[in-house]
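So the sequence shown is numbered by the numbering used here: it starts at 899 and just counts up by one. C-beta: ideal position from N, C-alpha, C; glycine also. The model shown is predicted, which means the values in this text are computed figures rather than measured ones. Below: one structure, written as structure tokens.
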Amino acid sequence: MEKLEGKVWKFRDSIDTDVIIAGRYLRTFSLDDLASHVMEAEDPNFAENVDEGDIIVAGWNFGCGSSREQAPVALKHAGVSAIIAKSFARIFYRNAINIGLPVITADVTAEKGDEICIDLEKGVILNKSTGSEFKIQPFDNFMLEILSDGGLVKHYLKVKESQ
899 MEKLEGKVWK FRDSIDTDVI IAGRYLRTFS LDDLASHVME AEDPNFAENV
949 DEGDIIVAGW NFGCGSSREQ APVALKHAGV SAIIAKSFAR IFYRNAINIG
999 LPVITADVTA EKGDEICIDL EKGVILNKST GSEFKIQPFD NFMLEILSDG
1049 GLVKHYLKVK ESQ
């Protein structure tokens, strides 16, 4: 997996799945509809201003609340390439990995609009706007393969097809 680079969207502690995508939007099967409402409770302009490759930096307990799978799906479909937070709700973390959305547990100093670069293989996050570098646990090859393949199911199908 190559390096991930994008601008930062900064969010607070305890962003729950209802903040990520409100329950009233869960009746749709359209990923475009879900993505158009992602994070609107926290930042009404997020969906229209997020760019492909942007990165969320958040505090503690990101993705808490209900276990709705649509939360990481909506973020990924909106263009978010990774989420860095001090901690994640366990089920959100698993759901994100399952769809190929990198989630990184780290305490990173960054502000909205900063440009950052993440090297999952080397275990380094660089805030290009400030020059600050942060060490993280490098992702192992198996996890990198899952993420590169677009998630757990796609990875499984790729492995099964090659046998």
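Beta-bridge partners assigned by DSSP to N1025: I1014 and S1030.
The beta carbon of T926 sits closer than 8 Å to the beta carbons of L932 from its chain, once the five residues preceding and following it are set aside; these are given in chain order. Each of K1010, L1050, G951 and D941 was checked against the Cα of V917, and the nearest Cα belongs to D941. Judged by DSSP in its simplified three-state form, D941 adopts coil rather than helix or strand. Ranked by Cα distance from A1004, the first of G951, N959 and S934 is N959. Residue pairing for L902: DSSP places it in a beta bridge opposite I1016. With a cutoff of 8 Å on beta-carbon distance, S934 and A920 are scored as not near each other.
DSSP lists no bridge partner for T1007.
Around the C-beta of N1039, fewer than 16 other C-beta atoms lie within 10 Å, and the residue is accordingly described as exposed.
When the Cα atoms are used, C962 and I1034 turn out to be separated by approximately 22 Å.
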